[in-house]
Amino acid sequence: GPADDAAPEASGRTAVVLQTDWYPQPEHGGYYHALLTGGYERAGLDVEIRPGANMTNIPQLVATGRVDFALGTSDNLLVAASRGIPLVGVFPHFQHDPQCIMAREGAGVDTLQSLDGKTVMMNPGLPHVRFLQRSLGIRLQLVPMDFSLTRFLSDPTFIQQCFVTSEPYYVGRQGIEPTVLRLSDSGFDSYRMAYASAAFVASNPDVVSAFIRASRDGWERYLGGDGATVHERLAELNPQQTPDFMAWTKRALVDYELAQGDAEAGEMLGRFRHDRLERQLAQLEALDMLDGPVALSDAFAAHLMPPTLAQGFPALLPVASAAEADGGDGIP
Amino acid sequence: MTSLGDRGRGWTSALKRHAAGWGVAGWPLLVGALITASWYGGIVAFGIPEYQLPPPHRIVEAGLQEREVLLTGAMQTAQASLIGFLISVAGGLVLSILLASSRWAYQGIYPYVLLLKMTPIIVVAPIVILWAGQGLASITVITFLVCFFPIVANTTMGLRSADANLLDLFSVYKAKGWQQLLWLRAPGALPYFMTGLRVAAALTPIGALYGDTVAGMGSGADAGLGFVVLIFSAQFKVPALFAAAFAACVIGFLFVGFVNVFAWWVLHKWHDAYVAVD
Amino acid sequence: MTSLGDRGRGWTSALKRHAAGWGVAGWPLLVGALITASWYGGIVAFGIPEYQLPPPHRIVEAGLQEREVLLTGAMQTAQASLIGFLISVAGGLVLSILLASSRWAYQGIYPYVLLLKMTPIIVVAPIVILWAGQGLASITVITFLVCFFPIVANTTMGLRSADANLLDLFSVYKAKGWQQLLWLRAPGALPYFMTGLRVAAALTPIGALYGDTVAGMGSGADAGLGFVVLIFSAQFKVPALFAAAFAACVIGFLFVGFVNVFAWWVLHKWHDAYVAVD
Amino acid sequence: MVKAAPRKHSAGALVRLVGLGKAFDGEVILRDVSLTVEPGELVGVIGPSGCGKTTLLKLVAGLVAPTEGKVEFGGGPTRRESLSFVFQDATLLPWLTVLDNVALPLKIAGAPRREREAKALTHIERVGLADATRLYPRQLSGGMKMRVSVARSMTVDPTLLLLDEPFGALDEMTRDTLNEELLRLRQAARWTALFVTHSVAEAVFLASKVIVLGARPSHIAHAIDVPLGYPRSSATRERSEYVERVVTVTRALHSVQE
Amino acid sequence: MVKAAPRKHSAGALVRLVGLGKAFDGEVILRDVSLTVEPGELVGVIGPSGCGKTTLLKLVAGLVAPTEGKVEFGGGPTRRESLSFVFQDATLLPWLTVLDNVALPLKIAGAPRREREAKALTHIERVGLADATRLYPRQLSGGMKMRVSVARSMTVDPTLLLLDEPFGALDEMTRDTLNEELLRLRQAARWTALFVTHSVAEAVFLASKVIVLGARPSHIAHAIDVPLGYPRSSATRERSEYVERVVTVTRALHSVQE
Ligand SMILES: Nc1ncnc2c1ncn2[C@@H]1O[C@H](COP(=O)(O)OP(=O)(O)OP(=O)(O)O)[C@@H](O)[C@H]1O
Ligand SMILES: Nc1ncnc2c1ncn2[C@@H]1O[C@H](COP(=O)(O)OP(=O)(O)OP(=O)(O)O)[C@@H](O)[C@H]1O
Ligand SMILES: [Mg+2]
Ligand SMILES: [Mg+2]
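Residue numbers (my numbering), protein chains in the order written: chain V, 418 to 749; chain R, 24 to 301; chain B, 24 to 301; chain L, 9 to 266; chain S, 9 to 266.
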């Protein structure tokens, strides 16, 4: 079960709970890979992966020690931290959030700017919404997400939020090729990541380190392999996911470089860039979404990460350059 | 339970005694104070952080701070609630009358009324929105779907519970179906109807708020309370979230209060529960 | 409305007549056939695509195809519903008794019961999950929050509606509060209670399903119907989605059916609505 | 003016009970009750508590279905059309005032408000409740409720009046007054009545025929003509035929209860 | 055996009404009613319909609060403790059988099931309903319901019995039987009673004192002693004192209704 103070089990391993951000799906593939192939076990961890369902209060669950790790986005983490929810980002499994806007041809949408004046189905609480409205001056009429594609298919002018790795697949099967606009291209660019509570990180640095290494390894292997082991398990946990769908999703993860990132831009699997986070913090500040000051050094466990992964964090030894780090051996 | 004593006393004197004692507002305030005290007590004793359960004063603060958003949201939701409630009452009454009108209607229709009630809104919502369009109309329909059943169940039971002797009386005088319904079953069903109304009234703002979260529309700040709740929740504004919930409750209280006054006004002359002193 | 005639007839003969005629299943089937016909008719006439409103046979097909998921989902949700329902009944009864026990209790506590009922689940759910943990416990609590109020409102009204003459009788014989409650108010409140029970029973699977979507574990064998519905919805399996909704309804029908049988069993000897032929 | 109607079965009978029987849950309450009521007759029904008097009236009114035999309505305009029933319990609508309760049958018959209220008021005055028109049933005494019920039954100008112990809850004086009032009304309106009473004196004073129901299963043990003619007044009570019939009915009643 | 109790106010009085008055919604119904009831007395209350007899009994039982004056319970063990009330309406619990209805007061008093059923059965037999123990109220005739109510009032061995027209719905023979039964029981149990009746004959036959309530606002217009002593039997009805008192009470009643 979840450990307030991660305690070694009889096996000598530490039991921890990782709560995902939805039902089991390939977007969590790396973590499952680490779990299924014994990566976590070798790292001395006994991980339980718990589906996050539709829940809205996962940050609170982490902060109060009900679970040890959870998945979320960096923007939300910063907002939460500013409201006194002490969370620490530990491992970004996606360099960019797969959150997108998809539109049908009839909507006349080809860029984010062309959303101006349109009605879009989006989660109204998404920080992105504010960014589009306030920072980019795009006037949006919002309709809340209903987790259904019925209206998208019924209405050729419909526009809605989606995961680039998921909904387009189902829409495509109905013979519709949607226009997909990545929200990360808006300039408001979040990491999607695993995080833990400040207290947990402070008292279990070894566990966190081990988790980061094992997770990164899991992701690397998942994306590098055929994903069969993971997909088999995912199909058991969430039988609605066909092999075809999961293969498609995995391909999308690779094609969009969501996890691996763009090496040329200094991105790599599992890396936090201080400058990017700083920019996001400033953006959130400008959007008036922060209640108090947030110190990036407190909000991200850079000191527990392999040096190549924590780029530009002032408290650490500076990493010379992205290119150099790429060849580095800080990774197990 | 009931105080021994004169049940025939006029309501004016009952009101006077009410006003004289703790009655009208004292007890709720006392209980409220107790709850608030244990709220603070709990927060201190268990060290509950604000993001888990904010202390009351923080909720008030956040409520004041966000008052504009809350006010427009509450107005929106109140409007949807009101329309949804009225439609629920009207629709519920029509359905109840239909159901009580004959054994065949009851056995034939009731299962499908239940089916309608029991189909998860999340499944029906997209269809509703397709037909009624995004916004108030759909929210109203969803509110209706959430609220109408207590009215139907209660009113139907009330209509079917007519006193057998009075039914005999009506049939002696060859009352037509509608006369029996209007002058015997309906007045006799009032206590049941009022109970259904009270449940529906309490459900209404929830229904409207929920409807807003699935069928609402807005740019963020100009929407109903459902939107507001979604935004506050997604942005971890916990005290503000509680303030929004409280705003929804206020709407509900207004509805329930209105129903109570209405029930008293209709029933106090003859119904035991209202004639009685307590 | 009521057929003119002998209301004193024994229930055995009433049952016999039921079984002999259309009564028990005929009318619902007929109405069901009508609804199905107009469903197909509507689909053809308006050219409604399957992803908006699938035709019944496709729903059946999808239901059969997904039967394993639906079955485990339904079992889960039925379990949560049952526990939630039982807690609602028990909690609702205790609350009602408390509320009916004195004027002070009523005035002091009722507003807060309402407050509890009217606070949007979306706001309470996070707290519930924090305390009860993700999974069955939280789903049950959420089901309770959704279902308990109709029971409280109806039972309280029933308990307070005791006949004034019978109250006099009990006070003549110096009945204690609990005796009056147990032997007079409670039996008299049964018709109201049963109505509340019926509403709660119809609400239960919805509550459990909703609870599952916000607090469920939602994978593998732990998945309830809420999970199934969300996934089918997100994956655009519309006929399967309707089949899942139907599964939820089946649970509801079992609950309501059970409540109806129970109500009949308890009330048929003396209550007009049950003694009556219809 | 009017003589007691002829006693033979005739085509002109208003109501005819033919071999009427009734069982509840298999237990036979009434058995083989045959009776013909001519227009204008006042038939008193008397018998021990629980013998089936109320049931008999309800059978006639069609409120209870017979298990055997039938109730026929003869030539006249009746056919259960303009029937009135004073139930053993007052059976008032708790949410209506005395006035509205009394006016109810007229409301059902579709009479305009003004007319029905005027008529109701007349009858309310007749039963001595002029002061109570605006009260609700819960504010009335037991006897007042029964009087409201009697007044209500009169408003519709019934052809056949069924009265189930209408005056049982009244003091003797009010009762006598209402008895006489009833006979006076009958002179004007010429309705026919079946009435249940526990008072032999009342039965004989009002009735043109008294039937005595026997012990279970009940049937008509005695049918005793009262050859007093109408109108009757308090003076009637002193006539020897009256006294004689009271004795006969009392004896008949005793005989069925032995 | 027992003589009519002494008439003077005494410390040993069971109940004393002192200047009792009652108004409903401002309208005075009872005014300045003073009465002392000695242990063992049977007081008959008689008066026109709606004069306040039921209200008087409810005042004594404490079911209605007086607007003036008070009700005192004297030295004895009473203090409203072992009081029984037969209401004007039968007031049965619809969900209980006859047996359970009759046993209810004993159940409230905490008697064990076996004991209370045995006792209830005795009283059910006394009122002639031995065949009906398993029936529900809706299956009973009006008179049967009232008899259940009477039986119920007897089970608790009351010290003070309040009876509101207990036998009004019964035929004369059953009524006479129950009257005698009542007196027989009284001999054994020595309770005191206040009873309302519309029958002067019944009042005089049962009572040691008859009070006649006057017109509105009512008060005790006449209090007439009945010097017949107990036990009484049907033979009592032939005694000249009996006939004489019947005439006196009838006159008194007429005088208040003029
Ligand atoms: N609905 C019923 N179900 C079963 N039995 C019934 C029903 N109604 C009446 N009875 C029985 O039928 C018998 C006759 O009842 P009824 O009311 O006709 O008597 P009654 O002659 O009017 O008596 P009373 O003078 O006491 O009013 C009674 O024994 C009663 O128990
Ligand atoms: N709850 C009440 N509210 C208002 N008025 C009432 C109430 N109860 C009784 N009254 C009035 O008080 C008067 C006396 O009523 P009560 O029942 O005592 O009469 P009663 O002597 O028992 O008559 P009856 O012989 O008809 O039973 C009546 O005029 C009645 O209208
Ligand atoms: Mg009867
Ligand atoms: Mg009375």
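Ideal placement from N, C-alpha and C gives every residue a C-beta, glycine not left out.
Using the beta-carbon count (16 or more within 10 Å), is TRP201 of chain B buried or exposed? Counting Cβ neighbours within 10 Å, TRP201 of chain B comes out exposed, since fewer than 16 surround it.
For LEU129 of chain L, which of L:GLY118, L:ARG160, L:ILE219, L:ILE116 has the nearest alpha-carbon? Of the candidates L:GLY118, L:ARG160, L:ILE219, L:ILE116, the one whose C-alpha sits nearest the C-alpha of LEU129 of chain L is L:ARG160.
Enumerate, from N- to C-terminal direction, the unbroken alpha helix (DSSP H) stretches of 4 or more residues contained entirely within the region 54-81 of chain L. The qualifying runs are 61-69.
Test: HIS131 of chain L CB closer than 7 Å to a CB of chain S: With 7 Å as the cut-off, HIS131 of chain L does not count as an interface residue toward chain S.
On a CA-only basis, which of L:HIS227, L:LYS30, L:ARG245, L:LYS61 is nearest GLY210 of chain L? Give me that one, please. The identity of residue 210 of chain L in the sequence shown is Glu, whereas the question assumes Gly. Comparing Cα-Cα distances from GLU210 of chain L to each of L:HIS227, L:LYS30, L:ARG245, L:LYS61, the minimum goes to L:ARG245.
Output the residue ranges of the alpha helix (DSSP H) runs that lie fully inside the region 124-211 of chain B and measure 4 residues or longer, sorted by chain position. For the region 124-211 of chain B, whole alpha helix (DSSP H) runs of length 4 or above, ordered along the chain, are 126-141, 144-155, 159-183, 187-195.
Using a Cβ-based criterion (distance less than 6 Å to any ligand heavy atom), does GLN147 of chain S qualify as near ligand 1? Checking every heavy atom of ligand 1 against the Cβ of GLN147 of chain S, one is found closer than 6 Å.
Give the residues of chain L in contact with TRP293 of chain R, contact being defined as C-beta atoms less than 7 Å apart. Within chain L, the residues near TRP293 of chain R are PRO102, TRP103, TYR144, ARG146.
Cutoff 7 Å: SER242 of chain S Cβ touching any chain L Cβ: Output row for SER242 of chain S: interface = no.
Cross-strand partners of GLN577 of chain V (DSSP beta bridge): Listed as beta-bridge partners of GLN577 of chain V by DSSP are V:MET519, V:MET538.
Classify ASP623 of chain V: buried if its beta carbon has 16 or more other beta carbons within 10 angstroms, exposed otherwise. With a threshold of 16 other beta carbon atoms within 10 Å, ASP623 of chain V falls short and is exposed.
The region 88-104 of chain R touching the region 227-234 of chain R, judged by at least three CB pairs closer than 8 Å: The way I'd put it, the region 88-104 of chain R does touch the region 227-234 of chain R; three or more beta-carbon pairs between them come closer than 8 Å.
Go to ALA128 of chain L, then tell me how far its beta strand (DSSP E) extends in each direction, as first and last residue. Looking at the DSSP string, ALA128 of chain L is not in any beta strand (DSSP E); the run it does join, the alpha helix (DSSP H), is 121-134.
Cβ of SER90 of chain L less than 7 Å from any chain S Cβ? Residue-level contact check: SER90 of chain L does not touch chain S, since none of the beta carbons of chain S fall below 7 Å from its beta carbon.
For ASP172 of chain S, which residues does DSSP report across the bridge? Note: ASP172 of chain S is bridge-paired with S:VAL204 in the DSSP secondary-structure output.
PHE259 of chain B by DSSP, collapsed to three states: which one? Of the three classes helix, strand and coil, the one that applies to PHE259 of chain B here is coil, per DSSP.
Specify whether the region 427-437 of chain V and the region 461-474 of chain V touch according to this definition: at least 3 beta carbon pairs, one from each stretch, less than 8 Å apart. In short, these stretches touch, since the Cβ pair count reaches three.
Can a CB atom of chain L be found closer than 7 Å to the CB of TYR215 of chain R? By this cut-off, TYR215 of chain R is not an interface position.
Pull up the distance between the alpha-carbon of GLY525 of chain V and that of GLY156 of chain R, whole angstroms please. Each residue's alpha carbon lies about 21 Å from the other.
State the Cα-Cα distance for the pair MET394 of chain V and PRO544 of chain V, rounded to the nearest angstrom. No answer is possible for residue 394 of chain V: the residues shown for chain V start at 418 and end at 749.
Could you work out which residue in R:LEU53, R:TYR133, R:VAL289 is closest to TRP127 of chain B when comparing CA atoms only? It is R:LEU53 whose Cα lies nearest to the Cα of TRP127 of chain B.
Rounded distance between the beta-carbons of TYR612 of chain V and GLY489 of chain V, thought under 8 Å: With a Cβ gap of about 6 Å, GLY489 of chain V and TYR612 of chain V count as contacting.
Distance between LEU205 of chain R and ARG30 of chain B (C-alpha atoms, nearest Å): Confidence at ARG30 of chain B is low in this model, with a pLDDT of 37, below 50, so the placement of that residue is unreliable and no value is reported for it.
Buried or exposed for THR59 of chain R, going by 16 or more other Cβ atoms inside 10 Å? When all chains shown are included, THR59 of chain R counts as exposed.
Could you list which residues in chain R have their beta carbon closer than 7 Å to that of ALA159 of chain L, in chain order? Here the premise fails: no neighbours, minimum Cβ distance about 14 Å.
Go ahead and pull the three-state DSSP assignment for THR105 of chain S. The three-state reading of DSSP puts THR105 of chain S in coil, since its state is none of H, G, I, E or B.
Could you tell me whether any Cβ in chain V is nearer than 7 Å to the Cβ of SER161 of chain R? Not an interface residue.
Whole-angstrom C-beta distance between VAL41 of chain S and HIS227 of chain S, which should lie under 8 Å: Approximately 6 Å separates the beta-carbon atoms of HIS227 of chain S and VAL41 of chain S; this is inside 8 Å, confirming the contact.
Can the beta-carbon of LYS66 of chain L be found less than 7 Å from the beta-carbon of VAL53 of chain L? Contact: no.
Candidates R:PRO134, R:GLY247, R:ASP186: closest to THR95 of chain R by CA position: Nearest in C-alpha terms to THR95 of chain R, of all of R:PRO134, R:GLY247, R:ASP186, is R:GLY247.
Closer than 7 Å, CB to CB, is GLN99 of chain B near chain S or not? Answer no: the Cβ-Cβ gap between GLN99 of chain B and chain S never drops below 7 Å.
Beta-carbon proximity list for GLU252 of chain S, same chain, < 6 Å, skipping 5 on both sides: Cβ within range, chain order: n/a, list empty.
When DSSP labels each residue in this structure, what does HIS445 of chain V get in the three-state scheme? Here HIS445 of chain V carries a helix assignment [DSSP, helix/strand/coil].
Using a cut-off of 8 Å between C-beta atoms, extract the partners of MET240 of chain R located in chain V. What MET240 of chain R touches in chain V: THR536, GLN558, LEU559, VAL560.
Backbone secondary structure at ARG750 of chain V - three-state DSSP: Outside the displayed span of chain V (418 to 749) sits residue 750 of chain V, for which this structure offers no information.
Under 6 Å from any heavy atom of ligand 3, does the C-beta of GLN96 of chain L make it? True, at least one ligand heavy atom lies under 6 Å from that Cβ.
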